[in-house]
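In my numbering, the protein residues as written are 405 to 452. So the structure is just underneath, and the comments pick up after that.
So, in structure tokens, the structure goes:
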């Protein structure tokens, strides 16, 4: 994520859209893995 005004921002969400924000490819992959795991727990999938 990135720090803006002292707060770390790793994602932006609106309605059914989510944007992941990372400073490296490794961080983005980690965020994507977390999103996939939490989505699967609720029976949801990710459209790429």
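Note that the Cβ used here is the ideal one computed from N, Cα and C, for glycine as well. Keep in mind it's a predicted model, so treat the numbers as computed, not measured.
Check                                                                                                                       : Outcome
Going by DSSP, which residues form a beta bridge with residue 406?                                                          : 413
Which runs of the beta strand (DSSP E) fall wholly inside the stretch 420-447 and span at least 3 residues, in chain order? : 421-424
Could you tell me the distance, in whole angstroms, from the CA atom of residue 408 to the CA atom of residue 446?          : 30 Å
Please report the straight-line C-alpha distance between residue 413 and residue 444, rounded to a whole angstrom.          : 23 Å
Compare the beta carbon distance of residue 425 and residue 439 with 9 Å and say whether it is the shorter of the two.      : no
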